[in-house]
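Single-structure report; data block below.
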Amino acid sequence: MSPLPPAPVRDPAWSLSRSAIRLWVAQGVLGTVVYGLAVTAFLLLVPGDAGWVVPVVRWAGPAFVVVHGVVTIGVRPRLRYRVHRWEVTGEAVYTLTGWLTRTWTLVPVSRIQTVDVTRGVVQQVFGLASVAVLTASSQGTVRVPHLEADVARRVADDLARRAELVRDEAT
Amino acid sequence: MTGPGEPAGRRTSPWVLLLHTITFKQARGLVPVVLAVIAGRGLDGPATVVALVVGVTLLSLLWAALSWWRFSYADGETSVVVTRGLLSRSVRTVPIDRIRGVEVEAPALHRLFGLVRVRIDAAAGSIGGKQEELVVDGVPRAEGDRLRTRLLARRVPAGAPAAPDGEVPAAEPEEELTRFDPRWLRYAPLVGSYLAVPLAAVGALFRVLDEVPQRWKPDLGRPDLPGTSVVVLFLLAAALVLIAGSVVGCVVVNWRFRLVRRGGSLIAVRGLLTRRHTELEIDRIRGSTVSQGLGMRLVGAARASALVTGLGDAARRGQLLPLGPRSEAWALAGRLVEDPGPLRVHPPAARRRSVVRSCAAGVLVLAVGSVLTATLGWWWVPVAGAVLTALGVPLGRARYAALGHAAGPNSFAVRSGWLVREHTVLQRRAVVGWQVRQTIVQRRAGLATVLACVGAGRGGYAAVDMAADEAAAFARAASGSWSSALSGSSALSG
């Protein structure tokens, strides 16, 4: 197969925090454990000769848990880390997200309306936070997931301050 | 009926009691209860009917009175406060500088009492829907106009070039931009939304007929006509009903539509039964859309809308020309936003992708159908799949033909859509962000979809499947210098 043509636009410069990989792995482990418990409960509680679907589920359930575990723990965290990139330039915030469908989003500082920093429960364990930059357009939102908490704080403060300075009408 | 001081609440006109009693505005919630009573007791004799009617009317009056009594509004120095609620009081305060538009409408019954309904639009961005507006229902026309001028005059910032303080907008010269020509009604049967009116009416009629007890239905017998002529007659009648209904629907909505420019605003007035008066601030207009449905393209008709920042219910309120000749729509759109020049055609790879996508559903049916033919003998499934696939080719080509984009010195344009072709022209300053999307297929074909994020209209307008290597240049040409971050080496990091 011929090599992929170059990307239509430049990739942002910076990666997320390396802790993001550990967070995604942790989320994968949690998800796999939940599914594993559900499948175990099914195997223990539902008799094997209950109906025609049950034997299928007895096979498919554990297989699904194994595949889910491999993908969400072994593969996806690293892939995600390699794809997600972000950058704050002098005039704009720039991100790249997505794996199969890639999305580059660029928002100028002068059109920023609000900057949100959120810290989920799992994120707090790993000392991470997400930044969301909102504009007047419902589709023009930039989200940077999983930065180190103090980096996120600094970026948000910096963006909010600069947006205040250069904002003309923001719509 | 007005409060003594400025901040004190004003009440709506007491006539609104009568109005709401007649229309059962508040008592509509009782309909299921009444139906239940009828179902339980049966309609034995006229006495019950009279009692029910009187009871419901009294309840409705009581309800309307309570609502009227508990409702007040106040337009203060800096904000509008609306207080309402029978048991739980709700107080909504909207700062005047957040008000994006004020619409005064006069439904037929309101006009009988000389009243209007004022909708105050305080939507932030294009996210909020109807909940973002305040409705003051039933004030005298003069009070409605006073509210509108006051709220809108306040909103103009101090340094704006608009006009000195204390202006009376009515005294300003008006320039008529367009006026609905009754000849344009002939386009109505080809517009989907107007065709929906008679269809909905016929549907409702059949539902009502279903409810009528069998013994009350007249026995028409069976007409002594051969089957084919019945079918032909029925189809003819249906076509006539559709055409007439769509024209009537168009008349009701657009009767005596006028678009005028007065000072810094565009004012649209329209409607036969309900007169609507919508005011758009020209300074907030960021672009325009000329849309043409399939049928409209056949006869050269079009619809033009303005894209206004922070306008709720934008699809209806932004309309500049609900229906008219293409040339008229283009002229209007051209007055708002400069034309960026002829559109660039998208690369042949976009045509291939479009055709493949349009045929995909047909191919799927074909594949599933082949299996079904082999197992169940359903030969007609693959035949349908083949027909769908064949139809996909012209459809895909037509969808490709609709694609295009252009960037001019002060504006840019994107066009797409086959069922409804939308040609949107936006000002450079409209862009609040860019989004470049690429699926795996697009990546292999060297295509990308470039979405201009805009704080008006739908929120984003896309140039679908443009050549990937043109994406950065297009964004740079269509917006400010900040967008060079997409192409050049990274700028100074902040």
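Taken in sequence, the protein lines are chains Y and S.
Basically the working numbering = 1-based index in the first sequence + 31.
Basically the working numbering = 1-based index in the second sequence + 184.
Beta carbons are placed, not taken as given, at the ideal position from N, Cα and C, and that holds for glycine.
Predicted model only: the values in this text are computed from it and were never measured.
Anyone know if the C-beta pair for residue i and residue j falls short of 8 Å?
{"i": "A248(S)", "j": "G193(S)", "result": "no"}
{"i": "R487(S)", "j": "P506(S)", "result": "yes"}
{"i": "V264(S)", "j": "V278(S)", "result": "yes"}
{"i": "C637(S)", "j": "Q170(Y)", "result": "yes"}
{"i": "S168(Y)", "j": "G617(S)", "result": "yes"}
{"i": "A586(S)", "j": "W602(S)", "result": "yes"}
{"i": "Q476(S)", "j": "S489(S)", "result": "no"}
{"i": "R460(S)", "j": "W439(S)", "result": "no"}
{"i": "V615(S)", "j": "S663(S)", "result": "yes"}
{"i": "T196(S)", "j": "V375(S)", "result": "no"}
{"i": "A533(S)", "j": "G630(S)", "result": "yes"}
{"i": "A337(S)", "j": "L495(S)", "result": "no"}
{"i": "S48(Y)", "j": "L159(Y)", "result": "yes"}
{"i": "S325(S)", "j": "D305(S)", "result": "Residue identity differs from the one stated: residue 325(S) is Arg in this sequence, not Ser. Going by C-beta atoms, R325(S) is not nearer than 8 Å to D305(S)."}
{"i": "V96(Y)", "j": "V70(Y)", "result": "yes"}
{"i": "H115(Y)", "j": "L127(Y)", "result": "yes"}
{"i": "V549(S)", "j": "G569(S)", "result": "yes"}
{"i": "A656(S)", "j": "S600(S)", "result": "no"}
{"i": "D147(Y)", "j": "L165(Y)", "result": "yes"}
{"i": "V153(Y)", "j": "W117(Y)", "result": "no"}
{"i": "A652(S)", "j": "A632(S)", "result": "yes"}
{"i": "I469(S)", "j": "L443(S)", "result": "no"}
{"i": "F556(S)", "j": "V565(S)", "result": "What sits at residue 556(S) in the sequence shown is Leu, not Phe. Cβ atoms of L556(S) and V565(S): closer than 8 Å."}
{"i": "G92(Y)", "j": "F73(Y)", "result": "yes"}
{"i": "R537(S)", "j": "V625(S)", "result": "yes"}
{"i": "Q622(S)", "j": "R133(Y)", "result": "yes"}
{"i": "I104(Y)", "j": "V65(Y)", "result": "no"}
{"i": "S595(S)", "j": "P524(S)", "result": "yes"}
Under 8 Å Cβ-Cβ, which residues of chain B neighbour residue i?
{"i": "W117(Y)", "result": "The question asks about chain B, but that chain is absent: this structure's protein chains are Y and S."}
So, helix, strand or coil for residue i, using DSSP?
{"i": "A657(S)", "result": "helix"}
{"i": "A51(Y)", "result": "helix"}
{"i": "I162(S)", "result": "This structure gives no information on residue 162(S), because the portion of chain S shown stretches from 185 to 678."}
{"i": "G630(S)", "result": "coil"}
{"i": "H99(Y)", "result": "helix"}
{"i": "A344(S)", "result": "Residue placement at A344(S) is poorly supported in this model, since its pLDDT is 39, which falls under 50; the coordinates still yield a value, given next. It is coil, neither helix nor strand."}
{"i": "G312(S)", "result": "Any answer about G312(S) is weak, because its pLDDT of 41 lies below 50 and its placement is not dependable; what the coordinates show is given next. Correct three-state label for G312(S): coil."}
{"i": "G82(Y)", "result": "coil"}
{"i": "G508(S)", "result": "strand"}
{"i": "A267(S)", "result": "Going by the sequence as given, residue 267(S) is Thr instead of Ala. Correct three-state label for T267(S): strand."}
{"i": "V233(S)", "result": "helix"}
{"i": "A258(S)", "result": "strand"}
{"i": "A651(S)", "result": "strand"}
{"i": "A44(Y)", "result": "coil"}
{"i": "Q58(Y)", "result": "helix"}
{"i": "S663(S)", "result": "coil"}
{"i": "V352(S)", "result": "Summary for V352(S): the model assigns pLDDT 44, below 50, so the residue's position carries little reliability; its value from the coordinates is reported in the next sentence. The answer is coil: DSSP assigns V352(S) none of H, G, I, E or B."}
{"i": "T71(Y)", "result": "helix"}
{"i": "V598(S)", "result": "strand"}
{"i": "D321(S)", "result": "strand"}
{"i": "V215(S)", "result": "helix"}
{"i": "T362(S)", "result": "strand"}
Answer yes or no: the CB of residue i versus the heavy atoms of the ligand ADP, is any distance below 7 Å?
{"i": "G641(S)", "result": "As for the ligand ADP, it is missing from this structure, which has no ligand bound."}
As an exercise, report each continuous alpha helix (DSSP H) stretch of at least 4 residues that is fully enclosed by the region 420 to 485 of chain S, in chain order.
Runs of the alpha helix (DSSP H) lying entirely within the region 420 to 485 of chain S and spanning at least 4 residues, in chain order: 478 to 483.
Check whether the region 370 to 386 of chain S touches the region 425 to 434 of chain S, taking contact to mean three or more Cβ pairs, one atom from each stretch, closer than 8 Å.
Segments in contact, yes.
Chain-ordered residues of the region 589 to 622 of chain S with a beta carbon less than 7 Å from chain Y
Result list: V616, G617, W618, Q619, V620, R621, Q622.
The region 382 to 395 of chain S: positions lying closer than 8 Å to chain Y by Cβ
For the region 382 to 395 of chain S, which is checked against every Cβ of chain Y, not one residue is closer than 8 Å.
In chain order, each alpha helix (DSSP H) run of at least 4 residues that lies wholly inside the region 524 to 593 of chain S:
Listed in chain order, the complete alpha helix (DSSP H) runs (minimum 4 residues) inside the region 524 to 593 of chain S are 532 to 560, 564 to 586.
Quick one: which unbroken alpha helix (DSSP H) runs of 4-plus residues sit fully inside the region 107 to 156 of chain Y? Chain order, please.
For the alpha helix (DSSP H) assignment, the uninterrupted runs of no fewer than 4 residues enclosed by the region 107 to 156 of chain Y are, from N- to C-terminal side, 107 to 114, 152 to 156.
With 7 Å as the limit, tell me which residues of the region 119 to 139 of chain Y have their beta carbon closer than that to any beta carbon of chain S; keep them in chain order.
Residues of the region 119 to 139 of chain Y with a C-beta less than 7 Å from any C-beta of chain S: V119, T120, G121, E122, A123, Y125, L131, T132, R133, T134, W135, T136, L137, V138, P139, listed in chain order.
Take every Cβ of the region 542 to 558 of chain S, pair it with every Cβ of the region 508 to 526 of chain S, and state whether three or more of those distances are shorter than 8 Å.
With a cut-off of 8 Å, the region 508 to 526 of chain S and the region 542 to 558 of chain S do not count as touching, because too few Cβ pairs lie within range.
Name, going along the chain, the residues of the region 644 to 663 of chain S whose beta-carbon falls closer than 7 Å to a beta-carbon of chain Y.
Of all residues in the region 644 to 663 of chain S, those with a C-beta nearer than 7 Å to a C-beta of chain Y are G644, A652, D653, A655, A656, reading in chain order.
Under 8 Å, CB to CB, which of the residues in the region 253 to 272 of chain S have a partner in chain Y?
For chain Y, none of the residues of the region 253 to 272 of chain S brings a beta carbon within less than 8 Å of one of its beta carbons.
Chain-ordered residues of the region 630 to 644 of chain S with a beta carbon less than 7 Å from chain Y:
Flagged, chain order: G630, A632, L635, C637, V638, G639, G643, G644.
Is there contact here, the region 135 to 154 of chain Y with the region 74 to 82 of chain Y, by at least three beta-carbon pairs under 8 Å?
Look at the beta carbons and you see the region 135 to 154 of chain Y not touching the region 74 to 82 of chain Y: under three pairs across the two are nearer than 8 Å.
Which residues, in chain order, does the region 65 to 82 of chain Y contribute to contact with chain S at a C-beta distance below 8 Å?
Taken residue by residue, none of the region 65 to 82 of chain Y has a beta-carbon sitting less than 8 Å from a beta-carbon on chain S.
Return the residues of the region 548 to 576 of chain S that lie within a Cβ-Cβ distance of less than 9 Å from chain Y, sorted by chain order.
Within the region 548 to 576 of chain S, contact with chain Y at the beta-carbon level (separation under 9 Å) is assigned to no residue.
If the cut-off is 7 Å on Cβ atoms, which residues from the region 490 to 516 of chain S count as contacting chain Y, listed in chain order?
Going along the region 490 to 516 of chain S in chain order, one finds T493, G494 with a Cβ nearer than 7 Å to chain Y.
Of the residues that make up the region 184 to 199 of chain Y, which ones have a beta carbon closer than 9 Å to any beta carbon in chain S?
The residues in question are V186, D189, L190, R193, D199.
Closer than 8 Å, Cβ to any Cβ of chain S: which residues of the region 147 to 170 of chain Y, in chain order?
Those residues of the region 147 to 170 of chain Y that come within reach of chain S (Cβ to Cβ, closer than 8 Å) are T166, A167, S168, S169, Q170.
Contact residues within the region 433 to 462 of chain S, judged by C-beta distance below 8 Å to chain Y
Result list empty, no residue passes.
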